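What follows is a single structure, written as structure tokens, with notes after it.
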Amino acid sequence: RLLMQRHQFAADLGNAEIARQALEELNTAAKNLPAASRGAEDWVALGRAALAAGADAQKVIASYFQTARKKDPKAESAYLAEGWLALEKNDPARAADTFRAGLKNHGETPALRHGLAAAFMSSDRAAAAENITRALEINPSHAGALLLRAELGIGAEKFLDAEADIQRVLELDGEHPAAWALRAAIFAITTADARKFGDARERGLARWPRNP
Numbered sequence: 048r049l050l051m052q053r054h055q056f057a058a059d060l061g062n063a064e065i066a067r068q069a070l071e072e073l074n075t076a077a078k079n080l081p082a083a084s085r086g087a088e089d090w091v092a093l094g095r096a097a098l099a100a101g102a103d104a105q106k107v108i109a110s111y112f113q114t115a116r117k118k119d120p121k122a123e124s125a126y127l128a129e130g131w132l133a134l135e136k137n138d139p140a141r142a143a144d145t146f147r148a149g150l151k152n153h154g155e156t157p158a159l160r161h162g163l164a165a166a167f168m169s170s171d172r173a174a175a176a177e178n179i180t181r182a183l184e185i186n187p188s189h190a191g192a193l194l195l196r197a198e199l200g201i202g203a204e205k206f207l208d209a210e211a212d213i214q215r216v217l218e219l220d221g222e223h224p225a226a227w228a229l230r231a232a233i234f235a236i237t238t239a240d241a242r243k244f245g246d247a248r249e250r251g252l253a254r255w256p257r258n259p
């Protein structure tokens with residue numbers, strides 16, 4: 048799990064070499080951990096590693112994330128990994144079902160509510176807003192939920208409300224890429240100020256200039 052976290056940190060910073068090394072070390076560690084000894088968190092980490100190495104999403108869900116859920120039906124990370132993968136593959140209905148299953152089996156968490164909100168963003172903004180509210184009731188500083196609410200605010204042209212949520216995230220993490228991206232979007236929409244837009248975008252790219 049720590050090696051997969053190292054890979055993710057390196058990827059978020061655009062350091063491909065460290066990310067590659069972490070996956071190689073993870074593969075070696077996995078060979079020394081018999082399948083029967085792997086817990087749910089191990090299966091989730093291995094599934095995420097398989098995805099990073101280019102494995103088929105459906106096979107990863109069946110072979111890793113579903114195995115993790117069988118090992119421990121309450122394992123939050125298994126539902127989060129499968130749900131966000133479904134969103135990445137443009138399957139919000141499956142994502143919603145997965146996050147709901149996580150809420151049923153694991154219980155209320157801001158991460159699962161945030162995922163369910165994200166699953167509703169393209170189809171039911173009211174349901175998305177409701178789940179964002181529930182996530183923030185549990186953790187008022189949850190960056191993902193705050194930024195989703197900012198997106199809803201931008202869509203509704205409530206730019207001051209959106210900016211307040213963005214600012215809250217930046218108070219917690221001054222270089223948060225998505226927060227600066229949304230702030231740049233607000234500048235582009237409301238002021239047409241190329242300098243402010245450019246400055247915000249550059250702040251968003253500070254950690255990783257090639258961040259897609």
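Residue numbering for the sequence shown follows my numbering, beginning at 48 and increasing consecutively.
Idealized CB from N, CA, C, for every residue including glycine.
Since the model is a prediction, treat every value here as computed from it, not as a measurement.
- Per the coordinates, the alpha-carbon of I65 lies some 6 Å from the alpha-carbon of A57.
- Shortest Cα-Cα distance from K121 to any of Q105, H223, K151, F206 involves K151.
- L70 and A92 do not touch by the CB rule: their CB atoms are close to 11 Å apart, not below 8 Å.
- Assignment of R141 by DSSP, reduced to helix, strand and coil, places it in the helix class.
- The shortest C-alpha to C-alpha distance from A77 to any of A102, A63, D220, G94 is the one to G94.
- Cα atoms of E88 and T114: separation of roughly 10 Å, rounded to the nearest angstrom.
- When the Cα atoms are used, A190 and A109 turn out to be separated by approximately 30 Å.
- Note on geometry: alpha-carbon atoms of G202 and L195 lie some 11 Å from one another.
- The Cβ-Cβ distance between S169 and L219 does not fall below 8 Å.
- Note on geometry: alpha-carbon atoms of A228 and N137 lie some 21 Å from one another.
- Look at R257 here: in three-state DSSP terms it is coil, with no helix or strand label.
- Scanning the segment 178-255 from its first residue to its last, the whole alpha helix (DSSP H) runs of 4-plus residues come out as 190-202, 206-219, 224-237, 241-251.
- Assigned with DSSP and collapsed to three states, M168 falls in coil, not helix or strand.
- Here T156 carries a coil assignment [DSSP, helix/strand/coil].
- About 21 Å separates the CB atoms of T156 and E198; that is not less than 8 Å, and the two are not in contact.
- Cα atoms of Q68 and H54: separation of roughly 8 Å, rounded to the nearest angstrom.
- Taking a C-beta distance under 8 Å as the contact criterion, A166 and A142 qualify as a contact pair.
- A straight-line Cα-Cα distance of about 19 Å links A125 and A182.
- Within the segment 104-148, there are no complete beta strand (DSSP E) runs of at least 3 residues.
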